[in-house]
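I have placed the structure first, in the form of structure tokens, so that the comments after it can refer back to it.
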Amino acid sequence: MTTQKKIYEGKAKIIFSGPRENTLIQYFKDDATAFNAKKFKVLAGKGEINNLISEYLMQILSNNKIPNHFIKKISNREQLIHQCKIIPLEVVVRNIAAGSICKRLGIKEGKIFKDPIIEFYYKNDELNDPIVNNSHIISFGWSDKEELFKIKKISLKVNRILKKKFEKISISLIDFKLEFGRKTSDDSLVVADEISPDSCRLCDVNNKEKFDKDIFRYDKGNLVEAYKKLLIRLGII
Ligand code: UDP
Numbered sequence: 532m533t534t535q536k537k538i539y540e541g542k543a544k545i546i547f548s549g550p551r552e553n554t555l556i557q558y559f560k561d562d563a564t565a566f567n568a569k570k571f572k573v574l575a576g577k578g579e580i581n582n583l584i585s586e587y588l589m590q591i592l593s594n595n596k597i598p599n600h601f602i603k604k605i606s607n608r609e610q611l612i613h614q615c616k617i618i619p620l621e622v623v624v625r626n627i628a629a630g631s632i633c634k635r636l637g638i639k640e641g642k643i644f645k646d647p648i649i650e651f652y653y654k655n656d657e658l659n660d661p662i663v664n665n666s667h668i669i670s671f672g673w674s675d676k677e678e679l680f681k682i683k684k685i686s687l688k689v690n691r692i693l694k695k696k697f698e699k700i701s702i703s704l705i706d707f708k709l710e711f712g713r714k715t716s717d718d719s720l721v722v723a724d725e726i727s728p729d730s731c732r733l734c735d736v737n738n739k740e741k742f743d744k745d746i747f748r749y750d751k752g753n754l755v756e757a758y759k760k761l762l763i764r765l766g767i768i
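Under our numbering, the first residue of the sequence shown carries the number 532, and numbering increases by one thereafter.
Structure, rendered in structure tokens:
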């Protein structure tokens with residue numbers, strides 16, 4: 532692990548100061564949490580896999596001119612990233628009904644949405660990340676109208692690109708969560724945090740095998756083995 536100064540420790544990652552101004556080091560832990568950390572387990576190898584998958588998916592965003600915080604992978608568990616001021620929102624894009632939308636709105640799991648649905652959640656563990664709307668976000672100053680428009684546009688573009696990428700390997704992108712930040716160097720908007728099977732729902736189009744954190748949430752098998760299979764399907768290893 533780096534000897535740089537620890538700045539923040541989250542549920543699945545640690546952020547350290549970076550080697551240069553306006554950079555940070557993002558370290559992927561093996562810790563798995565669910566239900567706002569009520570469920571917790573250390574799953575050996577998860578951090579390394581998520582580092583690889585997030586690197587791979589962020590590079591796909593870069594190749595498609597979608598600004599993001601990723602600079603380069605620097606070790607098995609660490610990546611160099613642009614320092615950002617994180618916007619306190621979780622942006623969820625849904626193609627198929629699963630998880631909280633089913634419980635909250637009584638939607639049948641597996642319903643395919645005609646157009647992707649975007650939802651915003653306020654990042655606040657004490658409040659259990661409540662769902663919020665545009666008015667809350669603008670009124671409380673978490674973002675403004677113009678930036679929120681960009682966030683939605685980028686989220687839908689990420690969805691189009693990743694959905695297609697996964698479809699090519701017969702995997703369905705059910706939903707995923709993005710976080711956004713503003714780079715400390717120039718205040719520009721970027722996709723931040725991680726994009727990994729911890730923050731997406733993915734399942735095989737044919738046999739419905741899962742490759743995401745629901746395996747851990749609902750004790751559906753060996754999560755690390757499933758993530759490894761995803762690495763292979765994506766051609767990363
Ligand atoms: N998600 C996430 N972090 C969160 C909440 C959700 O990465 O704190 C992801 C989750 O893995 C899924 C999508 O966002 O891919 C939608 O999650 P949902 O709202 O259905 O909540 P959940 O069922 O995970 O509680």
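No residue lacks a Cβ here, since even glycine has one placed at the ideal position from N, Cα and C.
Asked                                                                                                          : Found
Separation of Phe601 from Leu761, as counted between CA atoms                                                  : 21 Å
Cutoff 7 Å; reference Phe547; Cβ partners in own chain excluding five residues on either side                  : Thr533, Gln535, Lys536, Lys537, Ile538, Leu555, Ile556, Tyr558
Contact set for Ile648: own chain, Cβ-Cβ below 6 Å, skip 5 residues either direction                           : Arg625
Whole-angstrom distance between Asn582 and Lys542, CA atom to CA atom                                          : 15 Å
Beta-carbon proximity of Ile580 to Lys560, cut-off 8 Å                                                         : no
Identified DSSP bridge partners for Gln610                                                                     : Gln557, Lys604
Closest by C-alpha distance to Ser727, when choosing among Asp718, Asp675, Gly752, Phe697                      : Phe697
Sequence-distant residues of the same chain with beta carbon closer than 6 Å to Leu564, five excluded per side : The question names Leu, yet the displayed sequence has Thr at residue 564. Excluding residues within five positions, the ones whose Cβ falls inside 6 Å are Lys542, Phe571.
Span separating the alpha-carbon of Ile605 from that of Ile617                                                 : 22 Å
Cross-strand partners of Ser538 (DSSP beta bridge)                                                             : Before going on, a small fix: residue 538 reads as Ile here, not Ser. According to DSSP, which records beta bridges pairwise, Ile538 is partnered with nothing at all.
Cβ pair Lys708, Ser730 closer than 8 Å                                                                         : yes
Per-residue burial, Ser719 [other beta carbons within 10 Å of its own, 16 or more giving buried]               : exposed
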